[in-house]
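The sequence shown begins at 5 in this note's numbering and counts up by one. Using N, Cα and C, we set each Cβ at its ideal position, and we do this for glycine too. Some notes on the structure that comes next.
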Amino acid sequence: MTLISFFACLFTAYGPALAIFFLYIARDAQLVLLMLSSAFFWLIAILLSSVIWYLAKSVQSQNYVTIIFTVLLQEVFRYLFYRLIRRAEVGLNLVSKHPKSVYNRSAFAFVSGYGFGLMSGAVMYMSVLVASLGSGALICPSCPQIDMYFVNAITCSLFIFQHILWMVLAFDGLSSPNFLMQWFMATWVVVSHLGASFATLFNASTIPNGCVYSILINIAIIGVSGGLAVHSLIRS
Numbered sequence: 005m006t007l008i009s010f011f012a013c014l015f016t017a018y019g020p021a022l023a024i025f026f027l028y029i030a031r032d033a034q035l036v037l038l039m040l041s042s043a044f045f046w047l048i049a050i051l052l053s054s055v056i057w058y059l060a061k062s063v064q065s066q067n068y069v070t071i072i073f074t075v076l077l078q079e080v081f082r083y084l085f086y087r088l089i090r091r092a093e094v095g096l097n098l099v100s101k102h103p104k105s106v107y108n109r110s111a112f113a114f115v116s117g118y119g120f121g122l123m124s125g126a127v128m129y130m131s132v133l134v135a136s137l138g139s140g141a142l143i144c145p146s147c148p149q150i151d152m153y154f155v156n157a158i159t160c161s162l163f164i165f166q167h168i169l170w171m172v173l174a175f176d177g178l179s180s181p182n183f184l185m186q187w188f189m190a191t192w193v194v195v196s197h198l199g200a201s202f203a204t205l206f207n208a209s210t211i212p213n214g215c216v217y218s219i220l221i222n223i224a225i226i227g228v229s230g231g232l233a234v235h236s237l238i239r240s
């Protein structure tokens, strides 16, 4: 592939996320540290997933099983990170720019989700992006008119925003005094994460226009999660 294609995929995958970092997160050292902390938690989750995948020889070729335990481990560490932030919330509020703002928790959730998403995008797509510099192109089986590098770039960008919204919804739901709201938000986060992950299997399938279905499913999940997140902000 040419350098033009390389940079097109690079900015498609990471451009929107980098814009958020430089325009919002990078201006506040507290938010940068929070982002790095959450990224580290995601790395621990994916490390444990890798260990399980390596030891479970019988399921290494079964993508469905791999997706299930990988997603569930990420959600366990999302919950653990939420518990950590809850314990440190008083201190975080004291050193924040607006200590008494009712939106501090949402801001912490946003940045934490950004850390999850950015690290997820880096691990998921960086090696694919580097491979795109080689000769030839890897054609997408379900959409032979485009290559896998660009399809994966779109998927990477979408998943970064998915993680942001999932973290916001998880924080809002788990912090709610309403038991039903807690279960609804937690269930939506886990189920939608599984659904978005399973949808990516369309990319490498032989289903005609499978990559389109994958992208549309992820956009639809972002739309629903975004609506729920906006509703939670209005309620607060």
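By DSSP's criteria, isoleucine 89 is part of a beta bridge. Which residues make up the other side? According to DSSP, which records beta bridges pairwise, isoleucine 89 is partnered with nothing at all.
Pull up the DSSP beta-bridge partners for isoleucine 143, would you. Answer is Asp151.
Considering only their Cβ atoms, is the gap separating tyrosine 118 from isoleucine 29 smaller than 8 angstroms? In contact: isoleucine 29 and tyrosine 118 (Cβ atoms closer than 8 angstroms).
Count the other C-beta atoms from every protein chain shown that fall within 10 angstroms of the C-beta of arginine 82, then say buried if there are 16 or more, exposed otherwise. With 16 or more other CB atoms across the displayed protein chains lying within 10 angstroms of its CB, arginine 82 is buried.
Under 8 angstroms, do serine 9 and serine 136 count as touching if we go by C-beta distance? Their beta carbons are under 8 angstroms apart, which means serine 9 touches serine 136 by this criterion.
Could you tell me which of Leu84, Val106, Leu40, Gln166 sits nearest to isoleucine 238, measuring between CA atoms? Val106
I'd like to check one pair, glycine 230 with glutamine 166: are the Cβ atoms closer than 8 angstroms? No, the pair does not count as a contact, with Cβ atoms beyond the cut-off.
Here's a check: name, in chain order, each residue in its chain whose Cβ is nearer than 7 angstroms to the Cβ of glutamate 79, leaving out the five neighbours to either side. Val193, Val194, His197
Counting only the same chain and skipping the five closest in sequence on each side, list residues whose C-beta sits under 7 angstroms from that of threonine 204. Thr159, Ser218
Out of Leu232, Asn182, Met171, Leu133, which one is the CA nearest neighbour of serine 42? Met171
Assuming cysteine 144 contacts valine 155 under a Cβ cut-off of 8 angstroms, what Cβ separation, rounded to an integer in Å, is found between them? Confirmed, Cβ separation roughly 5 angstroms.
From what residue to what residue does the alpha helix (DSSP H) around phenylalanine 235 run? The amino acid occupying residue 235 in the given sequence is histidine; phenylalanine does not appear at that position. Residues 214-239.
Please say whether leucine 178 and tyrosine 68 have beta carbons closer to each other than 8 angstroms? no
Taking the CB atoms as reference points, tell me whether leucine 141 and threonine 16 lie closer together than 8 angstroms. The amino acid at residue 141 is misidentified as leucine; the sequence shows alanine. Not a contact, by the Cβ cut-off of 8 angstroms.
What are the boundary residues of the alpha helix (DSSP H) that arginine 109 is part of? 108-135
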